[in-house]
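When you read off a place in the sequence shown, starting at 1, and then add 16, the result is the number in our numbering. Even glycine gets a Cβ: it sits at the ideal position worked out from N, Cα and C. The model shown is predicted, which means the values in this text are computed figures rather than measured ones.
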Amino acid sequence: MSVRMVLLGPPGAGKGTQAARISERLNIPAISTGDIFRKNIAEGTELGKAAKSYIDKGEYVPNEVTNGLVRDRLHWDDAVEGFLLDGYPRTLDQVEELERMLDADGLSLDVAVEITADTEEIVKRLLKRATEQNRADDTEPVIRHRMEVYTAQTQPLVDVYRDMGLLVQVDGIGDIDEVTERIYAALSDKLGRQI
Ligand code: ADP
17 MSVRMVLLGP
27 PGAGKGTQAA
37 RISERLNIPA
47 ISTGDIFRKN
57 IAEGTELGKA
67 AKSYIDKGEY
77 VPNEVTNGLV
87 RDRLHWDDAV
97 EGFLLDGYPR
107 TLDQVEELER
117 MLDADGLSLD
127 VAVEITADTE
137 EIVKRLLKRA
147 TEQNRADDTE
157 PVIRHRMEVY
167 TAQTQPLVDV
177 YRDMGLLVQV
187 DGIGDIDEVT
197 ERIYAALSDK
207 LGRQI
């Protein structure tokens, strides 16, 4: 199905997990800037080197690095019919940049899904993930800092997408299948077709 969507939500809201499911269901690639950065860091590429110090501190990677990466990825063959962006855009500048990228190809977004979750629940989940996945940015002080950065820089995007008429909000608290069903229902409603 041709759907162009972005997934918003604080760190630990479950974006990655839900993105994988939506991607399979809609047959569109899930493009996670965080995953792309981590893969590049693991492989020691130039991109990885440019991103690492920011990520380790819980800061956002500069736009010069991030925008080019997304622009390139959106032009892969698998994204022609649609895509799900997870973790991009994260700032108002990135929202505008994404609009420009799509505009240049005569395209536009169909929907922005926000997964909501309470801060303390999220910190608990991230600390659990820290022990499971050993992510360098999942220590408590860095998690708290990422939450602050999210609130200051990314939370305002919710209003922007609401004003654009693209926003749907889904409660991210509950078990994974339940949240997935909520997302499918919200998407079906917004897109006007059963998914
Ligand atoms: P989470 O949503 O749990 O914070 P992600 O895997 O989405 O984790 O991102 C991890 C880190 O990668 C972010 O804290 C940030 O440093 C960097 N990053 C990911 N996407 C972007 C982006 N669009 N702009 C800037 N930095 C980004």
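| Below 9 Å between beta carbons: does that hold for residue 31 and residue 131? | Contact flag set, yes.
| field | Proximity test, residue 76 beta-carbon vs the ligand ADP heavy atom, cut-off 8 Å | value | The nearest non-hydrogen atom of the ligand ADP is less than 8 Å from the C-beta of residue 76.
| field | Closer than 8 Å: residue 88 CB and nearest the ligand ADP heavy atom | value | No, since every heavy atom of the ligand ADP falls outside the 8 Å radius drawn around the Cβ of residue 88.
| Hey, residue 102 and residue 46: beta-carbon distance below 9 Å or not? | Contact flag set, yes.
| said: For residue 153, count the other beta carbons within 10 Å of its own beta carbon; 16 or more makes it buried, fewer makes it exposed. Which is it? | reply: Counting other Cβ atoms within 10 Å of its Cβ, residue 153 reaches 16 or more and is therefore classed as buried.
| request: Please name the residue in 128, 65, 59, 150 whose C-alpha comes closest to that of residue 199. | output: Nearest option by C-alpha distance: 128.
| task | Would you kindly report the start and end of the unbroken beta strand (DSSP E) that includes residue 130? | result | 127-132 is the extent of the beta strand (DSSP E) around residue 130.
| query | Contact check, residue 188 vs residue 29 under 8 Å by CB: the rounded distance? | reply | At roughly 5 Å, the Cβ-Cβ gap stays under 8 Å, so residue 188 and residue 29 are in contact.
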